[in-house]
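Novice: Here it is, the structure, as structure tokens.
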């Protein structure tokens with residue numbers, strides 16, 4: 226059964242749930258609010274599963290909605306998804322259910338406001354992934370800051386206000402810089418001499434002839450001549466004819482800074498450890514599992530296809546007799562992030578009062594560096610690995626933060642030195658933690674292995690030394706995760722406070738098992754997941770490197786019939 230306006234339903238259903246909680250429940254009905262919010266998140270997840278009907282053989286944008294919105298500036302309410310966005314939206318709705326369920330015991334004050342903000346956050350994030358209009362994308366991108374700011378600032382730890390303000394200011398600065406790039410791209414769409422040089426081959430690559438996505442793209446081209454457009458597909462097409470020079474480089478970095486802060490890439494990462502440590506467990510789950518992906522998704526959706534010459538540039542800069550390009554800068558920052566994040570995470574195992582949550586936070590910096598390296602490998606293997614690693618990182622990082630939250634609820638401490646021998650008193654917890662530890666280090670048959678393998682293979686294809694440096698970070702990653710597990714779970718129970726800890730209860734098993742099973746499924750049989758992302762990835766590679774020698778078996782764009790609703 227096809228659901229009309231499916232993307233709008235998935236995007237705005239959380240808002241409806243937030244309004245119901247706000248006006249139909251009394252503040253003191255904490256139990257009812259928690260149960261209703263969790264059930265509502267579950268409903269949104271079930272509806273989002275309809276997106277899995279996405280036609281993987283056809284690719285391109287599907288489930289399209291196109292309505293008038295702000296005609297005076299050419300902004301339209303346009304929504305649509307490709308395979309990458311489908312997986313990210315389904316992951317978002319799944320983690321929404323898990324975040325709500327994990328908060329039942331942790332959140333003991335102002336439950337009504339908490340679940341309202343959690344639902345609003347999900348609506349904003351889904352909107353980011355579903356937007357086909359850059360103005361609409363930017364609106365959702367900015368709105369997503371507000372709920373997370375309050376989640377950290379109200380329900381966070383002792384330094385919650387500092388962490389919340391730092392998070393907000395960092396991301397706001399990046400967004401303001403990106404806004405300048407958005408406006409410039411909008412004005413460039415009005416340049417008839419420039420847009421007139423867009424070739425049919427570029428249009429076919431972005432949206433196959435005969436599809437509804439192509440009809441939207443053709444309409445955007447006509448609208449551009451009549452006063453400008455924010456249509457993302459047309460802006461990507463415009464990137465193919467944007468001349469390489471100072472303007473394209475500046476536009477690339479205007480978008481890149483906004484997204485790099487979200488990822489976060491080194492050296493824009495310093496807000497992340499504070500935000501994670503102070504955020505409530507559910508806040509950390511959404512932050513690591515979803516919000517960081519807004520940055521890497523932005524690079525995939527905008528920086529690569531909209532500024533292809535800058536993305537592959539190797540010679541624009543000349544400094545002290547050396548020549549290097551934009552791509553060198555991005556790869557260098559990615560590799561530094563991989564190694565620095567791993568070393569910083571290892572520090573919190575070695576130091577006496579090391580914080581487990583801060584270790585997981587820094588491991589995210591390292592892991593997202595692998596995503597960025599895969600993206601700027603600029604080949605199908607690298608991009609497939611990078612996109613799949615976005616999903617896999619969302620699975621295992623969310624699981625690790627949930628596991629940290631479980632032990633924190635029992636001991637109210639996250640110091641590594643406070644634990645030891647936990648496998649004797651919490652065998653179920655130790656088993657799940659081991660599964661997620663093995664996932665994080667990339668053990669074969671678990672999800673991270675295939676995504677890291679593809680990303681590293683792509684990096685090696687681009688430049689063997691890039692893969693070699695990144696491999697050092699992966700080795701360090703295995704070192705600190707195994708060391709952490711050894712210190713927390715092996716040996717004797719030396720701390721009397723740990724002797725009578727209860728193992729995981731039914732509710733905790735309920736939200737941990739789906740993540741464990743997903744890790745195993747993707748690790749054993751990644752084919753269906755790769756099929757969702759393969760065609761969008763190939764389209765981006767063709768946009769950036771039209772001469773890339775695709776193998777004969779590589780999927781090609783073919784016409785499809787997708788849903789579109791006009792109003």
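In the numbering used here, the protein residues as written are 226 to 792.
Glycine included, each C-beta is placed from N, C-alpha and C at the ideal position.
As the structure is a computational prediction, the values presented were derived from the model and not from experiment.
Looking only at its own chain, which residues have a Cβ that is under 6 angstroms from the Cβ of residue 569, when we skip the five neighbours before and after it?
Specialist: Contacts found: 587.
Novice: Leaving out five residues before and five after residue 180 in sequence, what residues of the same chain have Cβ atoms less than 7 angstroms from its Cβ?
Specialist: Here the chain comprises residues numbered 226 to 792, so residue 180 is not present and cannot be evaluated.
Novice: Check whether the stretch 439-452 touches the stretch 494-510, taking contact to mean three or more Cβ pairs, one atom from each stretch, closer than 8 angstroms.
Specialist: Output reads no: the stretch 494-510 does not touch the stretch 439-452.
Novice: Considering only the beta carbon of each residue, do residue 673 and residue 621 sit closer than 8 angstroms?
Specialist: Going by C-beta atoms, residue 673 is nearer than 8 angstroms to residue 621.
Novice: With residue 395 and residue 491 assumed to form a contact (beta carbons below 8 angstroms), what rounded beta-carbon distance in angstroms separates them?
Specialist: At roughly 13 angstroms, the Cβ-Cβ gap does not stay under 8 angstroms, so residue 395 and residue 491 are not in contact.
Novice: In chain order, which alpha helix (DSSP H) runs of at least 4 residues are fully inside the stretch 309-339?
Specialist: Listed in chain order, there is nothing to give.
Novice: Can you grab the Cα-Cα spacing for the pair residue 348 / residue 460, in whole Å?
Specialist: Straight-line Cα distance between these residues: approximately 25 angstroms.
Novice: At what residues does the beta strand (DSSP E) containing residue 544 begin and finish?
Specialist: Run containing residue 544: 542-544, per the beta strand (DSSP E) assignment.
Novice: Terminal residues of the continuous alpha helix (DSSP H) containing residue 733?
Specialist: Where residue 733 is concerned, the enclosing alpha helix (DSSP H) stretches over 731-749.
Novice: From this set, 533, 571, 685 and 734, which residue's C-alpha is nearest residue 708's C-alpha?
Specialist: Taking only the C-alpha atoms, the option nearest residue 708 is 571.
Novice: Within the same chain, show all residues whose beta-carbon is closer than 8 angstroms to that of residue 579, passing over the 5 residues directly before and after it, in chain order.
Specialist: Closer than 8 angstroms at Cβ, skipping near neighbours: 572, 573, 640, 641 and 642.
Novice: Could you tell me the alpha carbon to alpha carbon distance between residue 676 and residue 392, rounded to whole angstroms?
Specialist: In a straight line, the C-alpha of residue 676 is about 28 angstroms away from that of residue 392.
Novice: What is the rounded straight-line gap between the Cα of residue 333 and the Cα of residue 251?
Specialist: Their backbone Cα atoms lie some 15 angstroms apart in a straight line.
Novice: Buried or exposed: residue 229, going by 16 or more other Cβ atoms within 10 Å of its Cβ?
Specialist: It is exposed - the Cβ of residue 229 has fewer than 16 other Cβ atoms within 10 Å.
Novice: Excluding five sequence neighbours on each side, which residues of the same chain lie with their C-beta closer than 8 angstroms to the C-beta of residue 560?
Specialist: Around residue 560: 594, 598, 691, 694, 695 and 698.
Novice: Report the rounded CA-to-CA distance for residue 549 versus residue 537, giving the unit in angstroms.
Specialist: Going by the C-alpha atoms only, they are around 11 angstroms apart.
Novice: Can you tell me whether residue 204 is buried or exposed, with buried defined as 16 or more other CB within 10 angstroms of its CB?
Specialist: Nothing in the structure corresponds to residue 204, since the chain is present only between 226 and 792.
Novice: Can you tell me whether residue 776 is helix, strand or coil according to DSSP?
Specialist: In the structure shown, residue 776 sits in coil (DSSP, three-state: anything other than H, G, I, E or B).
Novice: What does residue 259 pair with, by DSSP beta-bridge criteria?
Specialist: None; residue 259 has no bridge partner.
Novice: Over the uninterrupted beta strand (DSSP E) stretch that includes residue 288, give me the two end residues.
Specialist: From DSSP, the beta strand (DSSP E) with residue 288 extends over 287-295.
Novice: Roughly how many whole angstroms lie between the Cα atoms of residue 651 and residue 328?
Specialist: The straight-line gap from Cα to Cα measures roughly 21 angstroms.
Novice: DSSP beta-bridge partners for residue 356?
Specialist: Paired residues: 304.
Novice: For residue 669, which residues in the same chain have their Cβ closer than 8 angstroms to its Cβ, ignoring the five residues on either side in sequence?
Specialist: Taken in chain order, the residues that qualify are 748.
Novice: Leaving aside the five residues before and after residue 342 along the sequence, list all residues of the same chain whose C-beta is less than 6 angstroms from its C-beta, in chain order.
Specialist: Around residue 342: 372, 375 and 376.
Novice: Looking at C-alpha atoms only, which residue of 682, 713, 260 and 612 is the closest neighbour of residue 662?
Specialist: Cα-wise, what sits closest to residue 662 is 713.
Novice: Figure out for me which residue from 521, 458, 262 and 649 has the closest Cα to the Cα of residue 719.
Specialist: Of 521, 458, 262 and 649, the residue nearest in Cα terms is 649.
Novice: With 16 other CB atoms within 10 Å as the buried threshold, where does residue 787 fall?
Specialist: The predicted position of residue 787 is uncertain, since its pLDDT is 42 and thus under 50; a value taken from the coordinates is nonetheless stated next. Looking at its Cβ environment, which holds 16 or more other Cβ atoms inside 10 Å, residue 787 is buried.
Novice: Looking only at its chain, what residues have a beta carbon closer than 7 angstroms to the beta carbon of residue 173, apart from the 5 residues adjacent to it on each side?
Specialist: As displayed, the chain neither begins before 226 nor continues past 792, which places residue 173 out of reach and without an answer.
Novice: Is residue 313 near residue 736, with beta carbons less than 8 angstroms apart?
Specialist: No. Outside cutoff.
Novice: Label residue 363 either buried or exposed according to how many other C-beta atoms from any shown protein chain fall within 10 Å of its C-beta, with 16 as the threshold for buried.
Specialist: Residue 363 is buried by the Cβ-count criterion.
Novice: Over what stretch of residues does the alpha helix (DSSP H) that includes residue 754 continue unbroken?
Specialist: Counting along the chain, the alpha helix (DSSP H) containing residue 754 begins and ends at 752-769.
Novice: Taking residue 664 as part of the alpha helix (DSSP H), name the residues at either end of that continuous run.
Specialist: Where residue 664 is concerned, the enclosing alpha helix (DSSP H) stretches over 652-665.
Novice: Evaluate the contact criterion for the stretch 276-293 versus the stretch 303-317: three or more CB pairs, one atom per stretch, below 8 angstroms.
Specialist: The answer is yes - the stretch 303-317 touches the stretch 276-293, with three or more Cβ pairs under 8 angstroms.
Novice: From residue 233 to residue 485, what does the alpha carbon distance come to, in whole angstroms?
Specialist: Near 28 angstroms, if we compare the C-alpha coordinates of residue 485 and residue 233.
Novice: Report, in whole angstroms, the separation of the C-beta atoms of residue 762 and residue 608, which I expect to be a contact under 8 angstroms.
Specialist: Their Cβ separation, rounded to whole angstroms, is 4 angstroms, which keeps residue 762 and residue 608 in contact under 8 angstroms.
Novice: Just how far apart, CA to CA, sit residue 270 and residue 422?
Specialist: Approximately 43 angstroms between the Cα atoms of the pair.
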